[in-house]
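Okay, so here's the structure we're looking at.
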Amino acid sequence: MSTQTSALAIETAGLVKTFGETRAVDGVDLAVPAGTVYGVLGPNGAGKTTTVKMLATLLRPDGGEAHVFGHDIVREADEVRGRVSLTGQYASVDEDLTGTENLVLLGRLLGHRKPAARTRAAQLLEAFGLTDAAGKQVKHYSGGMRRRIDIAASILNTPDLLFLDEPTTGLDPRSRNQVWDIVRAVVAQGTTVLLT
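Note that this note's numbering gives residue 857 to position 122 of the sequence shown, counting from 1, and the numbers run on in steps of one.
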(Lines of atoms letter the chains of each structure in order from A and count residues from 1; the text may use other names and numbers.)
(Lines give C-alpha, C1' and ligand atoms only; values in the text may rest on other atoms or scores of the structure.)
Protein backbone atom coordinates (compact mmCIF):
# COMPACT_ATOMS: atom_id res chain seq x y z
CA MET A 1 0.00 0.00 0.00
CA SER A 2 1.15 3.53 -0.75
CA THR A 3 2.46 5.85 1.94
CA GLN A 4 0.34 8.66 0.46
CA THR A 5 -3.02 7.28 1.53
CA SER A 6 -4.14 10.72 2.76
CA ALA A 7 -4.55 11.88 -0.88
CA LEU A 8 -6.61 8.81 -1.64
CA ALA A 9 -10.16 8.19 -0.53
CA ILE A 10 -9.82 4.47 -1.31
CA GLU A 11 -6.78 2.30 -1.82
CA THR A 12 -6.93 -1.47 -2.23
CA ALA A 13 -4.36 -4.11 -3.10
CA GLY A 14 -5.34 -7.65 -4.03
CA LEU A 15 -8.79 -7.46 -2.40
CA VAL A 16 -10.45 -10.90 -2.33
CA LYS A 17 -13.84 -12.23 -1.20
CA THR A 18 -15.06 -15.79 -1.54
CA PHE A 19 -18.41 -17.42 -0.84
CA GLY A 20 -17.76 -21.14 -0.59
CA GLU A 21 -16.29 -22.21 -3.92
CA THR A 22 -17.18 -18.90 -5.60
CA ARG A 23 -14.48 -16.25 -5.77
CA ALA A 24 -16.72 -13.17 -5.98
CA VAL A 25 -13.86 -10.64 -5.85
CA ASP A 26 -10.50 -11.75 -7.18
CA GLY A 27 -7.61 -9.42 -6.43
CA VAL A 28 -9.08 -5.94 -6.91
CA ASP A 29 -6.61 -3.03 -6.90
CA LEU A 30 -8.01 0.51 -6.64
CA ALA A 31 -6.59 3.99 -6.09
CA VAL A 32 -9.45 6.50 -5.85
CA PRO A 33 -8.40 10.14 -5.39
CA ALA A 34 -10.32 12.13 -2.78
CA GLY A 35 -12.92 14.57 -4.10
CA THR A 36 -13.67 12.69 -7.31
CA VAL A 37 -16.36 10.55 -8.87
CA TYR A 38 -15.03 7.06 -9.55
CA GLY A 39 -16.97 4.46 -11.50
CA VAL A 40 -16.60 0.71 -11.15
CA LEU A 41 -17.95 -1.04 -14.23
CA GLY A 42 -18.68 -4.68 -14.94
CA PRO A 43 -21.42 -7.12 -15.84
CA ASN A 44 -23.86 -8.59 -13.32
CA GLY A 45 -22.02 -10.94 -10.99
CA ALA A 46 -18.63 -9.27 -11.50
CA GLY A 47 -18.27 -8.47 -7.78
CA LYS A 48 -19.02 -4.74 -7.80
CA THR A 49 -21.56 -4.82 -4.96
CA THR A 50 -19.40 -7.22 -2.96
CA THR A 51 -16.44 -4.85 -3.32
CA VAL A 52 -18.56 -1.90 -2.19
CA LYS A 53 -19.83 -3.88 0.81
CA MET A 54 -16.25 -4.71 1.85
CA LEU A 55 -15.13 -1.08 1.50
CA ALA A 56 -18.15 0.04 3.56
CA THR A 57 -17.20 -2.56 6.24
CA LEU A 58 -20.36 -4.63 5.74
CA LEU A 59 -18.37 -7.67 4.60
CA ARG A 60 -14.94 -8.80 5.78
CA PRO A 61 -12.44 -9.46 2.98
CA ASP A 62 -10.79 -12.87 2.73
CA GLY A 63 -7.55 -11.47 1.34
CA GLY A 64 -5.71 -8.35 0.32
CA GLU A 65 -5.77 -4.93 1.92
CA ALA A 66 -8.06 -1.93 1.73
CA HIS A 67 -7.91 1.53 3.25
CA VAL A 68 -10.51 4.30 3.25
CA PHE A 69 -8.91 7.70 3.92
CA GLY A 70 -5.92 5.83 5.30
CA HIS A 71 -7.96 3.66 7.69
CA ASP A 72 -7.79 -0.11 7.37
CA ILE A 73 -11.31 -1.42 6.67
CA VAL A 74 -10.86 -4.36 9.06
CA ARG A 75 -8.70 -3.04 11.91
CA GLU A 76 -10.19 0.47 11.89
CA ALA A 77 -13.75 -0.29 10.78
CA ASP A 78 -15.34 2.22 13.19
CA GLU A 79 -13.25 5.07 11.76
CA VAL A 80 -14.21 4.01 8.24
CA ARG A 81 -17.93 3.81 9.13
CA GLY A 82 -17.78 7.32 10.54
CA ARG A 83 -16.70 8.68 7.14
CA VAL A 84 -18.83 6.75 4.65
CA SER A 85 -22.42 6.33 3.56
CA LEU A 86 -23.92 3.71 1.26
CA THR A 87 -26.93 3.80 -1.00
CA GLY A 88 -27.57 0.28 -2.22
CA GLN A 89 -29.35 -0.96 -5.33
CA TYR A 90 -32.72 -0.99 -3.59
CA ALA A 91 -34.43 1.72 -1.57
CA SER A 92 -33.73 1.56 2.13
CA VAL A 93 -36.43 3.94 3.28
CA ASP A 94 -39.73 2.88 4.84
CA GLU A 95 -42.43 2.95 2.17
CA ASP A 96 -45.22 3.42 4.70
CA LEU A 97 -43.71 6.66 6.00
CA THR A 98 -43.75 10.00 4.19
CA GLY A 99 -40.60 11.54 2.76
CA THR A 100 -40.39 13.90 5.70
CA GLU A 101 -41.02 11.15 8.26
CA ASN A 102 -38.28 8.99 6.75
CA LEU A 103 -35.67 11.75 6.81
CA VAL A 104 -36.61 12.94 10.31
CA LEU A 105 -36.50 9.38 11.65
CA LEU A 106 -33.08 8.73 10.11
CA GLY A 107 -31.85 12.10 11.34
CA ARG A 108 -32.92 11.23 14.87
CA LEU A 109 -31.18 7.85 14.60
CA LEU A 110 -28.03 9.70 13.56
CA GLY A 111 -28.22 11.79 16.74
CA HIS A 112 -29.90 14.99 15.55
CA ARG A 113 -32.36 16.63 17.93
CA LYS A 114 -35.89 16.75 16.54
CA PRO A 115 -35.82 20.42 15.39
CA ALA A 116 -32.45 19.92 13.66
CA ALA A 117 -33.70 16.69 12.04
CA ARG A 118 -36.79 18.49 10.72
CA THR A 119 -34.69 21.37 9.38
CA ARG A 120 -32.24 19.02 7.64
CA ALA A 121 -35.12 16.96 6.20
CA ALA A 122 -36.71 20.10 4.76
CA GLN A 123 -33.37 21.21 3.28
CA LEU A 124 -32.82 17.85 1.58
CA LEU A 125 -36.40 17.56 0.32
CA GLU A 126 -36.04 20.98 -1.29
CA ALA A 127 -32.57 20.25 -2.71
CA PHE A 128 -33.79 16.97 -4.22
CA GLY A 129 -36.98 18.47 -5.68
CA LEU A 130 -39.26 16.55 -3.33
CA THR A 131 -40.90 19.35 -1.36
CA ASP A 132 -44.29 18.81 -3.05
CA ALA A 133 -44.16 15.10 -2.18
CA ALA A 134 -42.81 15.54 1.37
CA GLY A 135 -46.14 14.59 2.97
CA LYS A 136 -46.84 11.57 0.73
CA GLN A 137 -46.04 8.01 1.68
CA VAL A 138 -42.93 6.83 -0.19
CA LYS A 139 -44.89 3.89 -1.65
CA HIS A 140 -46.68 6.49 -3.79
CA TYR A 141 -43.41 7.95 -5.14
CA SER A 142 -42.24 7.29 -8.69
CA GLY A 143 -39.03 5.31 -9.22
CA GLY A 144 -37.00 8.49 -9.68
CA MET A 145 -38.48 10.05 -6.56
CA ARG A 146 -37.68 6.92 -4.53
CA ARG A 147 -34.10 6.99 -5.73
CA ARG A 148 -33.75 10.67 -4.79
CA ILE A 149 -35.19 10.16 -1.28
CA ASP A 150 -32.85 7.20 -0.81
CA ILE A 151 -29.81 9.29 -1.77
CA ALA A 152 -31.05 12.14 0.43
CA ALA A 153 -31.20 9.70 3.34
CA SER A 154 -27.57 8.76 2.65
CA ILE A 155 -26.36 12.32 3.01
CA LEU A 156 -28.29 13.44 6.10
CA ASN A 157 -24.84 13.70 7.63
CA THR A 158 -22.51 14.71 4.80
CA PRO A 159 -20.14 11.77 4.33
CA ASP A 160 -16.55 12.04 3.16
CA LEU A 161 -17.20 9.06 0.87
CA LEU A 162 -20.54 8.07 -0.66
CA PHE A 163 -21.01 4.65 -2.24
CA LEU A 164 -23.78 4.56 -4.85
CA ASP A 165 -24.52 1.03 -6.02
CA GLU A 166 -26.17 1.24 -9.45
CA PRO A 167 -27.90 4.55 -8.65
CA THR A 168 -29.76 4.90 -11.96
CA THR A 169 -30.94 1.33 -12.57
CA GLY A 170 -34.53 1.32 -13.80
CA LEU A 171 -34.82 5.10 -14.01
CA ASP A 172 -36.16 7.05 -16.97
CA PRO A 173 -33.76 9.50 -18.72
CA ARG A 174 -35.06 12.57 -16.83
CA SER A 175 -34.70 10.86 -13.44
CA ARG A 176 -31.21 9.65 -14.39
CA ASN A 177 -30.20 13.22 -15.19
CA GLN A 178 -31.56 14.34 -11.82
CA VAL A 179 -29.46 11.69 -10.05
CA TRP A 180 -26.34 12.81 -11.96
CA ASP A 181 -27.07 16.41 -10.96
CA ILE A 182 -27.24 15.28 -7.32
CA VAL A 183 -23.93 13.42 -7.68
CA ARG A 184 -22.27 16.54 -9.12
CA ALA A 185 -23.63 18.67 -6.26
CA VAL A 186 -22.41 16.21 -3.61
CA VAL A 187 -18.92 16.12 -5.14
CA ALA A 188 -18.86 19.93 -5.39
CA GLN A 189 -19.29 19.97 -1.59
CA GLY A 190 -16.15 17.81 -1.18
CA THR A 191 -17.59 14.30 -0.95
CA THR A 192 -15.87 11.52 -2.90
CA VAL A 193 -18.34 9.30 -4.79
CA LEU A 194 -17.71 5.72 -5.84
CA LEU A 195 -20.48 4.35 -8.00
CA THR A 196 -21.08 1.07 -9.75
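C-beta: ideal position from N, C-alpha, C; glycine also.
Report yes if the CB atom of residue i is closer than 7 Å to the CB atom of residue j, and no otherwise.
| i | j | result |
| --- | --- | --- |
| Ala744 | Leu896 | yes |
| Leu845 | Ala801 | no |
| Ala862 | Leu821 | no |
| Ile884 | Gly834 | yes |
| Ala769 | Thr927 | yes |
| Val819 | Pro894 | yes |
| Thr931 | Lys752 | no |
| Ala851 | Leu860 | no |
Taking the straight line between their C-alpha atoms, what separation do you get for residue i and residue j?
| i | j | result |
| --- | --- | --- |
| Val914 | Pro796 | 30 Å |
| Arg882 | Gly799 | 33 Å |
| Leu891 | Leu838 | 8 Å |
| Val921 | Val873 | 23 Å |
| Thr785 | Leu794 | 8 Å |
| Thr738 | Gly805 | Confidence is the limiting factor: at Thr738 the pLDDT is only 44, short of 50, which leaves the residue's position unreliable and the question unanswerable from this model. |
| Tyr876 | Leu832 | 11 Å |
| Arg911 | Ala888 | 18 Å |
| Ala857 | Thr866 | 7 Å |
| His847 | Arg853 | 9 Å |
| Gly777 | Val760 | 12 Å |
| Glu901 | Asn779 | 11 Å |
| Ala812 | Ala781 | 25 Å |
| Ile886 | Arg758 | 30 Å |
| Leu765 | Phe754 | 22 Å |
What's the call for residue i, buried or exposed, on a 16-neighbour Cβ count within 10 Å?
| i | result |
| --- | --- |
| Val828 | buried |
| Glu756 | exposed |
| Thr904 | exposed |
| Val918 | buried |
| Val809 | exposed |
| Lys706 | There is no way to answer for residue 706, as the model of the chain reaches only from 736 to 931. |
Consider the C-beta atom of residue i and the heavy atoms of the ligand ATP; say whether any pair is separated by less than 6 Å.
| i | result |
| --- | --- |
| Ile886 | The ligand ATP is absent from the structure shown, which contains no ligand whatsoever. |
Using 8 Å for Cβ pairs, my map puts residue i next to residue j. What's the rounded Cβ distance?
| i | j | result |
| --- | --- | --- |
| Arg855 | Gly864 | That belief does not hold up - the Cβ atoms of Arg855 and Gly864 are roughly 16 Å apart, past 8 Å. |
| Leu929 | Val775 | 7 Å |
| Thr747 | Val772 | The Cβ separation is near 18 Å, so there is no contact. |
Query raised in the report: Which parts of the region 755-817 are runs of the beta strand (DSSP E), unbroken and 3 residues or longer, counting only runs that do not cross its ends?
Result: Listed in chain order, the complete beta strand (DSSP E) runs (minimum 3 residues) inside the region 755-817 are 757-768, 772-774 and 798-803.
**Report entry** Whole beta strand (DSSP E) elements within the region 854-918, 3-residue minimum
**Finding:** Entirely contained in the region 854-918, the beta strand (DSSP E) runs reaching 3 residues are, in chain order, 896-899.
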